[in-house]
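There are 2 protein chains.
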Amino acid sequence: MPVAKNIVQLQQQIRSRYDDLSKRLQQVASYVLDNNNSLAFDTIAVIATQADVPPSTLIRFAKAFEFSGFNEIKQLFRRDLIEETASYTDRARLLKEHEPEQTGRGKPLHILQQFAQVNSQAMHQLATQTSQQQLEMAVDMLSKADNIYIIGLRRSFSIATYLTYALRHAECRAFLIDGLGGMFNEQLSMVGKNDLVLSISFSPYAEETVMLSKAAAKAGAQQIIITDSQISPLAAYSDVCFVVNEGKVDEFRSQSASLCLVQSLAVALAFKQENTH
Amino acid sequence: MPVAKNIVQLQQQIRSRYDDLSKRLQQVASYVLDNNNSLAFDTIAVIATQADVPPSTLIRFAKAFEFSGFNEIKQLFRRDLIEETASYTDRARLLKEHEPEQTGRGKPLHILQQFAQVNSQAMHQLATQTSQQQLEMAVDMLSKADNIYIIGLRRSFSIATYLTYALRHAECRAFLIDGLGGMFNEQLSMVGKNDLVLSISFSPYAEETVMLSKAAAKAGAQQIIITDSQISPLAAYSDVCFVVNEGKVDEFRSQSASLCLVQSLAVALAFKQENTH
DNA sequence: TATTAAATGAAATAAATAGTTCATTTTTGT
DNA sequence: ACAAAAATGAACTATTTATTTCATTTAATA
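In order, the protein sequences belong to chains A and B. Numbering-wise, the first sequence is residues 0 to 276 according to numbering that gives the first Met the number 0. Numbering-wise, the second sequence is residues 0 to 276 according to numbering that gives the first Met the number 0.
Structure (structure tokens):
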């Protein structure tokens, strides 16, 4: 019997061997099967107390399943928790540690696989960390605004571009602030009281985006912000602020989660319009 | 100021005092705000490395916020994670059991979850169905081209936009064909023999994109195509053709997989340039 | 720019946590 | 019921992890 590589395997092994274990080891087994969170977080001493066995029994249990110590079992549970909820950064680090030169570092396919992995993770995080309330508020604001001005420069420009396209398809008066013809100021000055500004900006935050945010605040317009950190300079001006944890490969940040968020907003808005007309 | 009793309180305190903190303490602050899971799981040594500060700074940070040590902060995040995962597991179970009206069909969060889900799958598919050979050939062609012309209209415009941005950062002569000022024909006619055209087009295929493809073929330029079907009208002209299977929610197609592909190409190219110079 | 205070980081120390040992108890087979 | 073997638990040791210290650097003040 090989040593278990993840929780599911371990649980299977425990169940299949349960009847052959000694009394104390059964106690441990049943605790291990029922208390995932405790295993991930508590110390051996605490776990031993909870399971009502001496600490050494835990180590014996681990060794009975071919581990070098109980800590390896705890690691298993930790990693599982991380995979369920973790920020992609944690994930990526784990990947790098556990998956050395498989596809070949720097090779295109390897890069693609890393991005795919990291994006997939970021998607999950986005879905779990975004609240219904934020979303509904944002959609509501979008649906009530006279005009919607969208700004996102440099890296964020493509996201802004897409959102503008999508909102137009939801029959919104959406305008992309692109600075075309050097007309940033002219475009910025259009924002009025019943309008809404949606800014997308990641570190390093573009000057113009921050300026628009200020201008919008002054004009009394509502604001939705999509950014990458709680302490983003934009967060201060926002009515609704989405902090998106994008994945990255080496130093290259992905965009996928932001794109997903933006598209979800547009589609949710489309649904809403449909139901109210 | 009383000591924070939970994550939300702590985050508020950090944000409000951020500007008054020293440089290193700000580094820690920003890491603490953005890496919940790392804080729950990693040791001080690991966190210090990730935040790029010495361990002692973490303890100083904790003390600046009235904790007795950094471990108290870690406890805060652990407790929060336990609560969060418990409720997430519950929610996930409920979702599966009551599929229909639980999160609410058409509700923003439900839409976001669906998109996150299908995108995550699409990522996986992309990573497994794309071949090393295609990718390497594409990267090679990109690195050798005199000029790179990129076209993608309507829905694909944002992807084209992003690729242009990314290639410019990899020090490529990349040009976005955007039809600005009604100059499609003028832009198209620039394509020469040693140039490369990268077209992105999904059904329904934009006329201009197909035209460019033909023009490029006539001019003897190389072509990379990103599309959604083997029988796309573009596939015929391509030297390398990526068929991307995007996810969709109801009738709304996602874009994330294409974005991921495009970014991987750009990063792979950047790596290649770096290694050859 | 000289002086002092604040911030920083490397290395040492303290605390905690995990794992080992061995004497004792319990079980098993005859 | 009696070895012999297996299981058990208390106390000990080793290891890892958190915290403190202090010499050095950086920034502020006069």
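Even for Gly, the Cβ is constructed at its ideal location relative to N, Cα and C.
Alpha carbon to alpha carbon, what distance is there between A:Leu9 and A:Gln74? Numbered from 1 along the first sequence, position 75 holds the residue referred to as residue 74 of chain A. Numbered from 1 along the first sequence, position 10 holds the residue referred to as residue 9 of chain A. Between the alpha carbons of A:Gln74 and A:Leu9 lies a gap of roughly 12 Å.
Pull up the distance between the alpha-carbon of A:Phe64 and that of B:Arg167, whole angstroms please. Taking the first residue of the first sequence as 1, we reach residue 64 of chain A at position 65. Taking the first residue of the second sequence as 1, we reach residue 167 of chain B at position 168. About 54 Å.
Could you confirm whether any beta carbon from chain B is found closer than 8 Å to the beta carbon of A:Phe114? The sequence position of residue 114 of chain A within the first sequence is 115, counting from 1. Yes, contact with chain B.
Spatial neighbours of A:Val239 within its chain, please: CB distance less than 6 Å, with the 5 preceding and 5 following residues excluded, ordered by chain position. The residue you call residue 239 of chain A lines up with position 240 of the first sequence. Answer for A:Val239: Gln133, Met136, Ala137, Ile223, listed in chain order.
Bridge partners for A:Ser200 per DSSP, in chain order? The sequence position of residue 200 of chain A within the first sequence is 201, counting from 1. DSSP lists A:Thr226 as partners of A:Ser200.
Sequence-distant residues of its chain with Cβ nearer than 7 Å to B:Leu211 (five each side left out): By 1-based counting over the second sequence, the position of residue 211 of chain B is 212. So the list reads Ile150, Ile176, Leu187, Val196, Ser198, once near-sequence residues are dropped.
Pick from B:Gly178, B:Phe183, B:Val2, B:Val31 that is closest to A:Ile230, judged by C-alpha positions: As a first step, residue 230 of chain A must be located in the first sequence, where it is residue number 231. Of the listed residues, the one whose Cα sits closest to A:Ile230 is B:Val31.
Can you tell me the Cβ-Cβ gap for A:Ala47 and A:Pro53, rounded? I've got them flagged as a contact below 8 Å. Locating residue 47 of chain A in the first sequence gives position 48, where the first residue counts as 1. Locating residue 53 of chain A in the first sequence gives position 54, where the first residue counts as 1. Sure, about 6 Å apart at Cβ, within 8 Å.
What are the start and end residues of each continuous beta strand (DSSP E) run of 3 or more residues lying completely inside the stretch 149-219 of chain A, in chain order? 173-176, 195-200
Could you tell me how far apart the beta carbons of A:Phe156 and B:Tyr164 are, in whole angstroms, since I believe they sit closer than 8 Å? Stepping through the first sequence from its first residue, residue 156 of chain A is reached at position 157. Stepping through the second sequence from its first residue, residue 164 of chain B is reached at position 165. About 7 Å; that satisfies the 8 Å criterion.
With a threshold of 7 Å on Cβ separation, who are the neighbours of A:Gly68 within its own chain once the five nearest residues in sequence on each side are excluded? Position 69 of the first sequence, counted from the start, is the residue given in the question as residue 68 of chain A. If we look at A:Gly68 and ignore the five residues flanking it on each side, its Cβ neighbours are Ile58, Ala61.
By Cβ distance, which residues of its chain are closer than 8 Å to A:Arg154, with the 5 residues on each side in sequence left out? Working through the first sequence from its first residue, we reach residue 154 of chain A at position 155. Taken in chain order, the residues that qualify are Phe201, Arg252, Gln254.
Helix, strand or coil: how does DSSP classify B:Phe270 here? Start at 1 with the first residue of the second sequence, and residue 270 of chain B comes out as number 271. If DSSP states are grouped into helix, strand and coil, B:Phe270 belongs with the helices.
Would you please verify whether the beta carbon of A:Pro203 is less than 8 Å from any beta carbon of chain B? By 1-based counting over the first sequence, the position of residue 203 of chain A is 204. Answer no: the Cβ-Cβ gap between A:Pro203 and chain B never drops below 8 Å.
Per-residue DSSP class, three states only, for B:Val239: Position 240 of the second sequence, counted from the start, is the residue given in the question as residue 239 of chain B. In the structure shown, B:Val239 sits in a strand (DSSP, three-state: E or B).
Where A:Met189 falls, given that 16 or more other Cβ within 10 Å makes a residue buried: Taking the first sequence and counting its residues from 1, one reaches residue 189 of chain A at position 190. With fewer than 16 Cβ atoms within 10 Å of its Cβ, A:Met189 is classed as exposed.
Comparing C-alpha positions only, which one of B:Asp18, B:Asn34, B:Asn5, B:Asp194 sits nearest to A:Gln124? Within the first sequence, numbered from 1, the residue matching residue 124 of chain A stands at position 125. Considering only alpha carbons, the answer is B:Asn34.
Could you check what DSSP says for B:Lys4 in three-state terms: helix, strand or coil? Sequence index remark: in the second sequence, residue 4 of chain B carries index 5 (1-based). Reduced to three states, the DSSP call for B:Lys4 is coil.
What is the C-beta distance between B:Leu38 and A:Thr129, in whole angstroms, given that I count them as a contact (C-beta under 8 Å)? The residue labelled residue 38 of chain B in the question sits at position 39 within the second sequence. The residue labelled residue 129 of chain A in the question sits at position 130 within the first sequence. B:Leu38 to A:Thr129, Cβ: 20 Å. No contact.
By alpha-carbon positions, which one of B:Pro203, B:Gln113, B:Gln221 ends up nearest to B:Gly227? As a first step, residue 227 of chain B must be located in the second sequence, where it is residue number 228. Note on residue identity: the sequence assigns Asp, not Gly, to residue 227 of chain B. Among B:Pro203, B:Gln113, B:Gln221, the Cα nearest to that of B:Asp227 is on B:Pro203.
Under three-state DSSP, which class holds A:Lys22? As a working mapping, residue 22 of chain A is identified with position 23 in the first sequence. Helix.
Per-residue DSSP class, three states only, for B:Val31: As a first step, residue 31 of chain B is located in the second sequence; it is residue number 32 there, counting from the start. Helix at B:Val31.
Hey, is A:Asp89's beta-carbon within less than 8 Å of any beta-carbon in chain B? Locating residue 89 of chain A in the first sequence gives position 90, counting from the first residue. Residue placement at A:Asp89 is flagged as unreliable, the pLDDT there being 38, under the threshold of 50; the coordinate-derived value follows with that caveat. By this cut-off, A:Asp89 is an interface position.
Is A:Glu273 buried or exposed, if buried means 16 or more other CB atoms sit within 10 Å of its CB? Within the first sequence, numbered from 1, the residue matching residue 273 of chain A stands at position 274. Result: exposed.
To the nearest whole angstrom, what separates the beta carbons of A:Glu245 and A:Ser257, a pair I think is in contact under 8 Å? Here residue 245 of chain A refers to the residue found at position 246 when the first sequence is read from its first residue. Here residue 257 of chain A refers to the residue found at position 258 when the first sequence is read from its first residue. Correct: roughly 7 Å between the Cβ atoms.
Straight-line CA distance for A:Ala247 to B:Tyr17? Taking the first residue of the first sequence as position 1, residue 247 of chain A is located at position 248. Taking the first residue of the second sequence as position 1, residue 17 of chain B is located at position 18. Residue 247 of chain A is actually Lys in this sequence, not Ala. One C-alpha to the other measures close to 25 Å.
What would DSSP say about B:Lys247, mapped onto helix, strand or coil? Taking the first residue of the second sequence as 1, we reach residue 247 of chain B at position 248. Looking at B:Lys247 - three-state DSSP - the assignment turns out to be strand.
Does the beta carbon of B:Tyr148 come closer than 8 Å to any beta carbon on chain A? Residue numbering aside, residue 148 of chain B sits at position 149 when the second sequence is read from its first letter. No, B:Tyr148 does not count as interfacial toward chain A.
Taking Cβ-Cβ distances shorter than 7 Å, what residues in chain A pair up with B:Cys240? The residue given as residue 240 of chain B occupies position 241 in the second sequence. The premise fails here: B:Cys240 is roughly 16 Å from chain A at the closest Cβ pair, so nothing lies under 7 Å.
Would you say A:Val243 reaches chain B, if we count a Cβ-Cβ gap shorter than 8 Å as a contact? Counting from one through the first sequence, the residue named residue 243 of chain A turns up at place 244. No, because no Cβ of chain B sits closer than 8 Å to the Cβ of A:Val243.
Could you tell me the alpha carbon to alpha carbon distance between B:Glu170 and B:Lys271, rounded to whole angstroms? By one-based count along the second sequence, residue 170 of chain B stands at place 171. By one-based count along the second sequence, residue 271 of chain B stands at place 272. Roughly 12 Å separates the two Cα atoms.
Alpha carbons only, please: which of B:Ala3, B:Ser55, B:Val243, B:Lys217 is nearest the one belonging to B:Val27? Taking the second sequence and counting its residues from 1, one reaches residue 27 of chain B at position 28. Cα-wise, what sits closest to B:Val27 is B:Ser55.
Straight-line CA distance for A:Ala235 to B:Ala50? Here residue 235 of chain A refers to the residue found at position 236 of the first sequence. Here residue 50 of chain B refers to the residue found at position 51 of the second sequence. Between A:Ala235 and B:Ala50, the C-alpha separation is close to 24 Å.
Who are the neighbours of A:Thr160 on chain B, taking C-beta pairs under 7 Å? The residue given as residue 160 of chain A occupies position 161 in the first sequence. Within 7 Å Cβ-Cβ: Phe156, Ser157, Thr160.
Is the Cβ of B:Ser29 closer than 8 Å to any Cβ of chain A? As a working note, residue 29 of chain B is residue 30 in the second sequence. Yes, because at least one Cβ of chain A sits closer than 8 Å to the Cβ of B:Ser29.
When DSSP labels each residue in this structure, what does A:Gln254 get in the three-state scheme? Along the first sequence, read from residue 1 onward, the residue named residue 254 of chain A stands at position 255. Residue state, collapsed to three classes: coil.
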